[in-house]
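Inspection log for the structure reproduced underneath, given as structure tokens.
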Amino acid sequence: MGLIDDELAEVKKLCENVVPGSKLVSCVQIMVRVEIRRTDFKKIVVCMQFPKEYPRAPLLIELKSKTLSEKLLQRLTGVCEEEAKKILGKPQVLNTIKFLRNFIDENPLSCCFDEINALKKSLSGEDEFKLRQKNSSIILKAYNAKYYLSCRIVVPDNYPIDAVDIQDVDTNFTPAFHRHMVSQAKEIARRCVEPPLKKKPNEPKFEPSPSLKKSVEFLIDCVKRLPTEDCQFCKKVCFPEDPDVIFSYIRYRGCP
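Everything in the sequence shown is counted per our numbering, starting at 46 for the first residue and increasing by one.
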């Protein structure tokens, strides 16, 4: 048996036993094809071919997914190729499969890659948008002059089947607006994953949809729009420039 045949035999023996959620679809000299699945959404198909110079040259790698972002797959392909270059002269197939499984496990926010990039574009320079891959959450801090809102958005493992959750909210908008913004954002997220109670005639079967972008966009829009919005009756700006003025009035009047 040649070197590649030996490696293929090892992959057949170990792949599905040592890499959780892996399924060996094809394992021949022409191509090794493996499906790697954590959830219905977090799944990748990796196709690997052996160049003539293998193992002195890296594997030829192609990643496919019906659910994950194409841009993410392109970047991840490049990373896999660089990882393969680190072990030239040695078997690379099983290492590549293990690397991809680790990537899926250690980067839970990869399931909303395009949504995250879209949200970043809606923020200004003073805003903050930090990813916390370790606990699958995002820290958002949105500002508009002296007004702000910060929160933690938790992305569940079974996203987008399950909705995001908005936690640890801190803001200097009034309590009434605070309640409205957060409850409405959570309601938007809920509607993305739960069918309406009353189904309309001839309405297609409900399918859960991504909730991160829609719910967080609403929060960002509130922060960016409300402080400078005009009253529909007097046509003057509704909010004072200094939010402390409102809280002083609330304390004086005992408003909720």
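Cβ atoms here follow ideal geometry from the backbone N, Cα and C, with glycine treated the same way.
Within its chain, find whatever has a CB closer than 7 Å to the CB of residue i; leave out the 5 residues flanking it on each side and keep chain order.
i, result
"proline 70", "Per the sequence presented here, residue 70 reads as valine, with proline not at that position. Closer than 7 Å at the Cβ level, and outside the excluded window around valine 70, lie Arg78, Val79, Glu80."
"threonine 273", "Val282"
"arginine 82", "Gly66, Lys88"
"serine 110", "Lys88, Ile89, Val90, Leu118"
"alanine 163", "Lys258"
Starting from residue i, trace the beta strand (DSSP E) both ways and give me its first and last residue.
i, result
"serine 260", "First-last for serine 260: 257–270, but that is the alpha helix (DSSP H), not the beta strand (DSSP E)."
"leucine 176", "173–177"
"glutamate 107", "105–109"
Comparing alpha-carbon positions, which option in the options lies nearest residue i?
i, options, result
"aspartate 210", "Cys237, Phe218, Ala221, Val282", "Cys237"
"lysine 165", "Pro153, Ile149, Leu185", "Leu185"
"proline 201", "Thr216, Lys244, Phe251, Cys156", "Cys156"
"aspartate 172", "Lys191, Pro246, Asn180, Phe158", "Lys191"
"glutamine 212", "Leu271, Ala230, Phe278, Lys57", "Ala230"
"glutamate 61", "Arg146, Val73, Glu107", "Arg146"
"leucine 168", "Pro153, Ile183, Glu160, Ala187", "Ala187"
Quick check on the DSSP output: the alpha helix (DSSP H) that includes residue i runs from which residue to which?
i, result
"serine 228", "220–238"
"glutamine 119", "115–130"
"leucine 242", "Looking at the DSSP string, leucine 242 is not in any alpha helix (DSSP H), and its letter there is neither H nor E."
"isoleucine 142", "138–151"
"cysteine 60", "48–63"
"glutamate 248", "Unbroken run through glutamate 248: none, as it is neither H nor E."
"isoleucine 161", "158–166"
If I measure Cβ to Cβ from residue i and keep anything under 6 Å in the same chain, skipping five residues before and after, which residues do I get?
i, result
"glycine 299", "With a pLDDT of 48 at glycine 299, under the threshold of 50, the modelled position of this residue cannot be trusted; read the value that follows with caution. No residues qualify anywhere along the chain."
"alanine 102", "Pro96"
"valine 56", "Cys72, Val138, Leu139"
"glutamine 94", "Met76, Leu105"
Looking at the C-beta of residue i, does it have a partner C-beta in chain D at a distance below 8 Å?
i, result
"glutamine 212", "Looking for chain D here will not work: only one protein chain is present."
Identify, in the order they occur along the chain, each residue of the same chain with its Cβ nearer than 8 Å to the Cβ of residue i, setting aside the five sequence neighbours on each side.
i, result
"glutamate 128", "Asn140, Thr141, Phe144"
"aspartate 287", "Lys191"
"phenylalanine 158", "Leu113, Ser114, Lys116, Leu117"
Assuming residue i and residue j are in contact, meaning their beta carbons sit under 8 Å apart, how far apart are those beta carbons, in whole angstroms?
i, j, result
"alanine 234", "serine 256", "4 Å"
"proline 100", "leucine 48", "7 Å"
"leucine 121", "phenylalanine 86", "With 8 Å as the limit, leucine 121 and phenylalanine 86 do not qualify as a contact, their Cβ atoms being about 15 Å apart."
"lysine 269", "asparagine 180", "Going by Cβ atoms, the distance from lysine 269 to asparagine 180 rounds to 27 Å, so no, they are not a contact pair."
field: Meets three-Cβ-pair contact criterion under 8 Å: the segment 212–228 and the segment 177–197
entry: yes
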